[in-house]
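Take 4 as the starting number for the sequence shown in the working numbering and just add one per residue.
The beta-carbon is built from N, C-alpha and C at its ideal position, and this holds for glycine as well.
As the structure is a prediction and not an experimental result, all values here were calculated from the model.
First comes the structure, then the notes that go with it.
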Amino acid sequence: MRSVVLALYRAYLLMLPPGFREQWGDEMYTAAVDAMTETRTWGGSALAALRLGTDCARTFVREWTESAAAAGRRAKGAGMGRSLVQDIKFAIRSFGKAPLFAALVIGTLGLGIGANTAIFSVLHAVVLKPLPYPEPDELVSVWPGKLFSVELLDAAREGIGSFAGISLYGGAILTITEAGDPAEVFGGEVTTNHFRVLGVRPALGRDFVPEDGVPGAAPVVLLSHELWQRRFGGDPDVVGRSIDLQHESTSRRTVIGVMPLGYQGLLRGAQAWVPVIEDRASDSYGNSSFAEAAARLGPEATIETARRELATVAQRVRDEDPGQYAQVEIDRATVWPLVDRLAGSLRQSLFTLLGAVGLVLLIAAANVANLLLVRTSARSREIAVRRAIGAGRARLFRQLMTESITLGLAGGVAGVGVAWLTRDLLLGAMPSGFRVDEAGLSPAVLGFTLAVSIVASLVFGLIAAVAPVRRASSGSLPRSRTSDRRRRDWRVQGVLVSGEVALALIAVFSAGLLVSSVRQLSNVDPGFEPESVLTFRVTAPSGAYPGDEDVLRFFAEVESALNAVPGVDRAGAAGRLPTDGGVSRITINPEGFEPDESGALPDATHRLVSAGYAETVGFRLLEGRFPTETEFREGPQPTFVTRGLAERFFPDGAIGKRFFGSGGSTWLTVVGVIEDVREDALHGTVLPGVYIPHRDWAWRTMYLAVRTSGEPTAHLDAIEAAVHGVAPAVPLSRVRTLEDIVDRSFLETRLNGRLFTLFGALAVILGAIGVYGVMAYSMSLRRQEFGIRLALGARQDELVRRAVRSGLGPLTVGLVAGIAITVPVGRSLASSLEAVEATNSLALVAATGILATVALFATLLPAFRVGRVDPVRSLRIE
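Here it is in structure tokens:
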């Protein structure tokens with residue numbers, strides 16, 4: 004990639020004026036080599052070249068203009084510099100004489116370029132901008148989406164030689180009671196080499212050392228700069244101090260350091276970090292999967308080599324323990340650039356949105372090309388005069404292209420203004436995610452805007468400049484618009500209009516698909532009743548409730564206190580709430596189940612729940628019953644499963660059947676079957692699920708769900724008082740209604756639908772302007788023809804119909820072409836949307852109807868003006 008970019012860069016330097024090339028060429032080339040040798044990927048090289056080009060653009064324009072002007076003054080005739088300055092001045096004067104035309108062109112380009120700049124600013128911040136670590140191209144995500152255990156980490160360390168280091172990171176819920184009111188703090192649980200792999204050092208104190216991660220080590224913590232300032236006032240003496248910070252069974256930890264200002268790590272919003280205890284003697288050594296893996300490539304390693312080594316390691320661990328790893332999971336083992344993993348689903352959404360605004364820009368460019376065609380046609384006599392008195396074709400062409408580029412750059416400036424004004428609105432419409440809030444008008448974004456402005460200028464400038472210069476090559480002065488020239492202009496403009504209509508139809512159809520998806524998702528049955536349910540998260544304090552039995556007793560006491568609150572109908576606890584994102588999977592071994600030839604056992608989603616949880620969230624019981632509180636606390640462990648799991652593994656009836664879950668301690672007996680539940684989100688596949696008693700894994704942090712009579716938030720104070728009656732220092736966090744959680748599960752699709760609808764509306768408006776402009780121009784060209792027809796006795800309504808028919812041609816061609824193109828576009832969009840078909844007939848009919856109506860109206864307006872043609876005035880020879 005670097006060799007290709009540098010070769011193009013060298014060719015670019017050879018095109019510069021000799022004086023500038025001699026003074027700056029070698030220096031710019033050396034800078035390009037230095038910048039791009041620091042990167043290792045296509046993206047890094049492209050960004051380095053983009054940044055360098057942005058920095059050099061200002062120097063290029065200034066030095067080239069000055070040197071060219073100086074050479075021009077020394078030359079006998081008008082030199083290149085003087086001619087360029089004269090062309091720019093002439094362009095500005097001519098636009099000053101036609102301010103409405105200039106404003107329309109700049110405004111049209113400003114909308115198109117501004118939309119692209121705004122979306123690209125977010126795309127650059129989330130996907131393209133390098134991670135803020137040394138050698139960010141070396142950082143990779145290992146087996147994305149797979150939660151690692153210490154056993155799997157050891158296998159990766161031993162079997163993957165491409166890694167200079169590999170570490171684990173996962174979320175951790177911490178409760179701080181030091182220096183203020185009790186509060187929940189989101190943090191990270193990381194292996195002790197994590198920050199060394201990333202290349203980050205604490206700003207104060209020390210990093211984790213291997214001894215911090217062994218069983219029995221003194222509990223330690225690293226604080227974020229923000230938490231250090233907020234809770235401890237920036238006191239440097241906090242290092243070495245023992246503070247009340249609870250995580251799992253540990254209630255006090257020693258602060259060993261403070262991370263740099265603004266550092267959040269790989270977990271968005273993390274404010275503290277604790278070390279992973281790598282206990283290889285524990286019974287859960289091979290089963291406790293809780294973290295993702297990140298690694299740094301070695302000096303000579305590549306991602307492809309690392310992928311091959313990981314595939315070998317993954318297959319080996321499955322062969323050693325086929326019940327722990329399904330083959331389908333092994334097949335997904337891969338290595339990705341870490342920035343792509345952190346960007347997640349936003350990456351695809353942003354590229355899709357960039358494609359949508361790209362259509363808008365193409366429509367805007369076609370509009371501007373049409374406007375310039377009209378203007379250059381009106382200037383045909385001026386161009387012919389200039390040609391007749393000695394101006395060469397190249398000189399005329401350069402003048403017209405200078406005008407186009409001047410307009411394009413002015414449109415780029417307007418686009419930057421549009422992007423700046425709409426930044427907050429755009430960020431408010433985007434789902435919160437990795438580095439979204441960092442979007443802004445950075446040098447790379449401004450360089451993108453400059454490049455888009457120049458490319459758009461060249462596109463519409465060439466379309467508008469070639470024909471007038473060719474016509475002026477004969478040197479004759481035109482007395483009137485010839486019919487041949489009319490037909491040529493009309494054909495070019497008709498093609499542009501057809502293209503605009505086709506692109507606008509694609510944009511409107513895409514918006515219709517997204518709106519249809521949102522409507523379908525809003526009607527999806529989640530499998531439970533989310534109305535009148537308040538949820539929040541609590542953590543059992545390790546001081547008063549140190550062991551597993553104590554944790555279970557804490558949540559039983561909290562549920563009992565909540566059930567006693569007036570207005571509360573039922574309360575229950577769960578390890579995770581439905582549709583709140585993310586699922587936990589376990590491998591199950593149903594009694595009597597015969598695995599396939601590979602020996603792989605099936606898996607299912609699972610939730611840890613208390614006895615009252617099912618009735619609280621409104622699961623719909625299809626068969627059997629829900630377990631009682633006594634069964635949940637003692638005796639054989641009962642469970643209830645979803646209909647999908649029951650039908651798959653127990654076709655002759657699930658009640659009374661047993662299965663064993665990985666990581667569990669005993670058989671689970673099915674006592675009830677519920678309707679399928681969308682645990683992950685409203686979109687996607689409904690997965691078979693099993694609900695396990697909380698006592699099987701005594702998680703210290705759980706979500707409480709409380710069903711109330713009336714508005715749930717009206718009971719919040721009483722609910723909080725009930726929890727504090729059990730444990731006064733326990734904070735309630737993430738307080739939300741279950742309806743809000745369900746609503747947010749398709750937030751990204753809804754926001755994309757809104758943005759696509761906005762861009763679709765903009766495309767329709769620009770398309771209507773283009774159709775109207777071409778029709779108005781064509782009617783003006785045919786004014787003499789209409790005057791003659793009226794003088795010879797033609798009726799006005801007949802002329803209007805003739806005018807409308809002439810405008811329907813490009814409109815029909817554009818609609819037909821757009822319908823043909825929407826098929827692959829719809830297939831691409833439908834693959835990532837829920838309950839939407841690629842050939843959604845309703846969306847296609849609606850989009851075609853909207854666009855056809857608007858375009859037809861834009862056609863009728865200038866056509867009706869034909870009826871007011873004055874035959875006497877129209878017959879004058881121009």
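| query | Taking buried to mean at least 16 other C-beta atoms within 10 Å of its own C-beta, is Ser227 buried or exposed? | reply | Sequence index remark: in the sequence shown, residue 227 carries index 224 (1-based). It counts as buried.
| said: Using 8 Å as the cut-off, can you tell me whether the stretch 158-170 makes contact with the stretch 715-726, which would need three or more C-beta pairs spanning the two stretches below that distance? | reply: Three or more Cβ pairs closer than 8 Å define a contact, and the stretch 158-170 falls short of that threshold against the stretch 715-726.
| So, using beta-carbon positions, are Val342 and Val125 closer together than 8 Å? | Locating residue 342 in the sequence shown gives position 339, counting from the first residue. Locating residue 125 in the sequence shown gives position 122, counting from the first residue. Result no, Cβ atoms of Val342 and Val125 do not sit closer than 8 Å.
| task | With His127 as the anchor, note down where its alpha helix (DSSP H) starts and where it stops. | result | Locating residue 127 in the sequence shown gives position 124, where the first residue counts as 1. The continuous stretches of alpha helix (DSSP H) do not include His127, and DSSP gives it neither H nor E.
| task | Report yes if the C-beta distance between Arg502 and Gly817 is below 8 Å; otherwise report no. | result | Numbered from 1 along the sequence shown, position 499 holds the residue referred to as residue 502. Numbered from 1 along the sequence shown, position 814 holds the residue referred to as residue 817. The sequence shown places Gly at residue 502, rather than the Arg named in the question. Result yes, Cβ atoms of Gly502 and Gly817 sit closer than 8 Å.
| message | Using a Cβ-Cβ cutoff of less than 6 Å, which residues in the same chain neighbour Ala317 once the five nearest sequence positions on both sides are dropped? | response | For the purposes of this step, residue 317 is taken as the residue at position 314 of the sequence shown. Cβ-Cβ distances below 6 Å link Ala317 to Ile333 and Ala336 in the same chain, with the five nearest sequence neighbours on each side left out; the list follows chain order.
| said: Out of Ala182, Gly272, Leu300 and Met262, which one is the CA nearest neighbour of Ser245? | reply: Taking the first residue of the sequence shown as 1, we reach residue 245 at position 242. Put simply, of Ala182, Gly272, Leu300 and Met262 the residue whose alpha carbon is nearest the alpha carbon of Ser245 is Ala182.
| query | Between which two residues does the beta strand (DSSP E) containing Thr704 stretch? | reply | By 1-based counting over the sequence shown, the position of residue 704 is 701. For Thr704, the uninterrupted beta strand (DSSP E) run begins and ends at Thr704 to Thr711, by DSSP.
| query | Can you name, in chain order, every residue of its own chain whose Cβ lies under 6 Å from the Cβ of Ala49, other than the five neighbours on each side? | reply | Counted from its first residue, the sequence shown places residue 49 at position 46. A caution first: Ala49 carries a pLDDT of 48, below 50, which makes its placement in the model too unreliable to give a value.
| task | Evaluate Trp27 with the Cβ neighbour count: other Cβ atoms within 10 Å of its Cβ, from every protein chain shown; 16 or more gives buried, anything less gives exposed. | result | The residue given as residue 27 occupies position 24 in the sequence shown. With a pLDDT of only 46 at Trp27, under 50, the local geometry of the prediction cannot be trusted, and the value read off the model is given with reservation. That one is buried.
| Helix, strand or coil at Gln640 [DSSP, three-state] | Here residue 640 refers to the residue found at position 637 of the sequence shown. Looking at Gln640 - three-state DSSP - the assignment turns out to be strand.
| query | Using DSSP with H/G/I as helix, E/B as strand and the rest coil, what is Pro544? | reply | Looking up residue 544 in the sequence shown gives position 541. In the structure shown, Pro544 sits in coil (DSSP, three-state: anything other than H, G, I, E or B).
| task | Check whether the stretch 849-859 touches the stretch 502-517, counting contact only when three or more Cβ pairs, one atom from each stretch, lie closer than 8 Å. | result | Taking 8 Å as the limit for Cβ pairs, the verdict is that the stretch 502-517 does touch the stretch 849-859.
| query | Should Asp140 be labelled buried (16 or more other beta-carbon atoms within 10 Å of its own) or exposed? | reply | The residue given as residue 140 occupies position 137 in the sequence shown. Asp140 comes out buried.
| query | Quick one: is Thr862 buried, meaning 16 or more other Cβ sit within 10 Å of its Cβ, or exposed? | reply | Taking the sequence shown and counting its residues from 1, one reaches residue 862 at position 859. Label assigned to Thr862: buried.
| task | Take Ile457 as the anchor and find which of Gly173, Leu300, Ala106 and Gly415 has the nearest alpha-carbon. | result | Walking along the sequence shown from the start, residue 457 turns up at place 454. With respect to the C-alpha of Ile457, the residue from Gly173, Leu300, Ala106 and Gly415 having the closest C-alpha is Gly415.
| query | Below 8 Å, can you find three or more Cβ-Cβ pairs linking the stretch 604-614 to the stretch 693-703? | reply | Under the 8 Å Cβ criterion, the stretch 604-614 counts as touching the stretch 693-703, having at least three qualifying pairs.
| said: Does Leu555 pass the burial test, meaning 16 or more other C-beta atoms within 10 Å, or should it be called exposed? | reply: As a first step, residue 555 must be located in the sequence shown, where it is residue number 552. In this structure Leu555 is buried. Its beta-carbon is surrounded by 16 or more other beta-carbon atoms within 10 angstroms.
| Spatially closest choice to Ile591 from Arg160, Phe662, Ala273 and Asn566, by CA coordinates | As a position in the sequence shown, residue 591 is number 588, starting the count at 1. Scanning Arg160, Phe662, Ala273 and Asn566 for the CA closest to the CA of Ile591 turns up Phe662.
| CB Leu399 to CB Val419, shorter than 8 Å? | The sequence position of residue 399 within the sequence shown is 396, counting from 1. The sequence position of residue 419 within the sequence shown is 416, counting from 1. With contacts defined by Cβ atoms closer than 8 Å, Leu399 and Val419 do not form a contacting pair.
| Contact check, Leu741 vs Thr538, beta carbons under 8 Å | Here residue 741 refers to the residue found at position 738 of the sequence shown. Here residue 538 refers to the residue found at position 535 of the sequence shown. Yes, Cβ-Cβ distance for Leu741 and Thr538 is below 8 Å.
| Residue range of the alpha helix (DSSP H) that includes Trp700 | For the purposes of this step, residue 700 is taken as the residue at position 697 of the sequence shown. Neither: Trp700 is in no alpha helix (DSSP H) and is coded neither H nor E.
| Close Cβ partners of Glu723 (< 8 Å) along its chain, the five nearest in sequence each way excluded | Here residue 723 corresponds to residue number 720 of the sequence shown, with the count starting at 1. Correct list, in chain order: Leu735.
| query | If we ignore side chains and look at the alpha-carbon of each, how far apart do Pro715 and Tyr616 end up? | reply | As a position in the sequence shown, residue 715 is number 712, starting the count at 1. As a position in the sequence shown, residue 616 is number 613, starting the count at 1. CA-CA distance, Pro715 to Tyr616, rounds to 16 Å.
| Of all the options Leu269, Gly190, Thr180 and Ile408, which has the alpha carbon lying nearest to the alpha carbon of Leu201? | For the purposes of this step, residue 201 is taken as the residue at position 198 of the sequence shown. Nearest of Leu269, Gly190, Thr180 and Ile408 to Leu201, Cα basis: Leu269.
| request: Assuming Gln523 and Asp90 form a contact by the criterion Cβ under 8 Å, report the distance between their Cβ atoms to the nearest whole angstrom. | output: By one-based count along the sequence shown, residue 523 stands at place 520. By one-based count along the sequence shown, residue 90 stands at place 87. That belief does not hold up - the Cβ atoms of Gln523 and Asp90 are roughly 56 Å apart, past 8 Å.
| DSSP beta-bridge partners of Thr739 | Here residue 739 refers to the residue found at position 736 when the sequence shown is read from its first residue. Per the sequence shown, the amino acid found at residue 739 is Arg instead of Thr. Checking the DSSP bridge columns, you'll see Arg739 partnered with Thr538.
| Residue burial classification, Gly99 (beta-carbon count within 10 angstroms, cutoff 16) | Translated into positions along the sequence shown, residue 99 becomes position 96. Counting Cβ neighbours within 10 Å, Gly99 comes out exposed, since fewer than 16 surround it.
| said: Let me check understanding here. Comparing Cα to Cα, which of Pro102, Val733 and Ala684 lies closest to Arg703? | reply: Taking the sequence shown and counting its residues from 1, the one referred to as residue 703 is at position 700. Of the candidates Pro102, Val733 and Ala684, the one whose C-alpha sits nearest the C-alpha of Arg703 is Val733.
| query | With C-beta atoms as the reference, is Gly115 less than 8 Å away from Ala422? | reply | As a first step, residue 115 must be located in the sequence shown, where it is residue number 112. As a first step, residue 422 must be located in the sequence shown, where it is residue number 419. No, the pair does not count as a contact, with Cβ atoms beyond the cut-off.
| Straight-line gap, Ser152 to Val504 (C-alpha atoms, nearest Å) | Position 149 of the sequence shown holds residue 152. Position 501 of the sequence shown holds residue 504. Spanning the two alpha carbons is a distance of roughly 55 Å.
| query | For Phe596, which of Ala649, Arg573 and Phe629 has the nearest alpha-carbon? | reply | For the purposes of this step, residue 596 is taken as residue 593 along the sequence shown, with counting starting at 1. For Phe596, the nearest C-alpha among the options comes from Ala649.
| query | Taking one C-beta from the stretch 618-631 and one from the stretch 676-683 each time, how about it: are there three or more such pairs within less than 8 Å? | reply | Cβ pair count under 8 Å is three or more, so yes.
| request: Please confirm whether Thr178 and Val279 have their CB atoms less than 8 Å apart. | output: In the sequence shown, residue 178 corresponds to position 175, counting from 1. In the sequence shown, residue 279 corresponds to position 276, counting from 1. Taking 8 Å as the cut-off, the Cβ atoms of Thr178 and Val279 do not count as close.
| Local Cβ density within 10 Å of Asn373, reported as buried at 16 or more and exposed below that | For the purposes of this step, residue 373 is taken as residue 370 along the sequence shown, with counting starting at 1. Under this definition Asn373 is a buried residue.
| message | Please report the straight-line C-alpha distance between Ser252 and Pro549, rounded to a whole angstrom. | response | Numbered from 1 along the sequence shown, position 249 holds the residue referred to as residue 252. Numbered from 1 along the sequence shown, position 546 holds the residue referred to as residue 549. Going from the Cα of Ser252 to the Cα of Pro549 covers about 6 Å.
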